[in-house]
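Accompanying notes for the structure given below.
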Amino acid sequence: MVASGAACLGGAVVAKNRIGIAAAAVMLLAMLDLVTAQLVPSAVWALLLVTAAIALGARLRVDARAVTSKVRVSSGSGLRRAVMVVSAVSYVAMAWLVMTHSHASSGTALISGEDHLAHPGHTGGVAEMPGAAAALVVGVLIAVHVALFVASLRSGRRLLALEAGAMAAMLLAMLVPILFS
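Position 47 of the sequence shown, counted from 1, bears residue number 836 in the numbering used here, the numbering being contiguous throughout.
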């Protein structure tokens with residue numbers, strides 16, 4: 790998760806996208822905290838990730854106005870826009886995945902499946918609400934990111950491929966432990 794977050798941040802820095810840098814920095818800090826000290830509650834990280842998604846979406850709206858004022862739009866900008874839209878949606882998915890992180894908000898780690906027995910009636914709150922449907926949506930987002938990664942590589946847009954590939958890796962790294970817990 791941390792390596793994927795670092796790749797996302799690196800891509801945003803190279804692209805000189807200030808909102809993307811801020812969003813990726815929040816994502817990287819959240820991943821670092823979740824896999825190490827767990828100093829910040831998961832709900833706070835989730836809120837910050839949703840805020841980042843909103844900021845990215847607002848930037849897309851401003852960019853769309855600039856594009857519509859131009860007479861002709863290149864296919865490369867369409868690919869860029871697709872990657873950015875899917876990335877913005879992915880930040881919301883990451884917020885859900887952060888909330889499902891095992892007991893991160895209480896500061897204790899889930900060590901084994903026996904921990905579930907120690908907490909009868911504890912169903913994980915947000916983690917259990919849409920369950921399989923939310924995991925399916927995250928899986929679809931991963932597949933879309935992989936498709937955009939391939940399309941970006943084919944069009945010679947390596948930086949865009951890095952962004953799409955890093956987001957796919959991030960979502961996958963966050964989803965797999967949840968599926969097997």
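Where a beta carbon is used, it is the ideal one built from N, C-alpha and C, also for glycine.
If you compare alpha carbons, which of the options is closest to residue i?
{"i": "V929", "options": "P966, R943 and S879", "result": "S879"}
{"i": "S970", "options": "H890, V927 and A923", "result": "H890"}
{"i": "R869", "options": "R946, M888 and L823", "result": "R946"}
{"i": "A877", "options": "S866, M888, G867 and R848", "result": "R848"}
{"i": "L968", "options": "V935, A921, V939 and A826", "result": "A921"}
{"i": "A923", "options": "L960, V935 and G799", "result": "L960"}
Are residue i and residue j closer than 8 Å when you measure CB to CB?
{"i": "V886", "j": "M820", "result": "Checking the sequence, you will find Leu at residue 886 rather than Val. No; because the gap between Cβ atoms is not below 8 Å, this pair is not in contact."}
{"i": "L937", "j": "A953", "result": "yes"}
{"i": "A813", "j": "A801", "result": "yes"}
{"i": "A811", "j": "L951", "result": "no"}
{"i": "M883", "j": "L837", "result": "no"}
{"i": "S941", "j": "V872", "result": "yes"}
{"i": "M888", "j": "A832", "result": "yes"}
{"i": "V815", "j": "M790", "result": "no"}
Do you know offhand how far residue i's Cα is from residue j's?
{"i": "I808", "j": "L949", "result": "16 Å"}
{"i": "V829", "j": "D822", "result": "7 Å"}
{"i": "A804", "j": "V926", "result": "28 Å"}
{"i": "Q827", "j": "I931", "result": "26 Å"}
{"i": "A893", "j": "G799", "result": "In this prediction, A893 scores a pLDDT of 39, lower than 50, which makes its location untrustworthy; no coordinate-derived value is stated."}
{"i": "V939", "j": "V965", "result": "22 Å"}
{"i": "G867", "j": "N806", "result": "17 Å"}
Quick test of your reading: residue i and residue j, contact by CB under 8 Å. State the CB separation rounded to the nearest angstrom.
{"i": "V933", "j": "V875", "result": "5 Å"}
{"i": "L817", "j": "G794", "result": "4 Å"}
Below 8 Å CB to CB, which residues in the same chain sit around residue i once its five sequence neighbours on both sides are set aside?
{"i": "A844", "result": "I808, A811 and A812"}
Might you give, ordered along the chain, the residues of its own chain that have their beta carbon closer than 6 Å to the beta carbon of residue i, omitting 5 neighbours on each side?
{"i": "A955", "result": "S793, A796 and C797"}
{"i": "W834", "result": "A819 and V887"}
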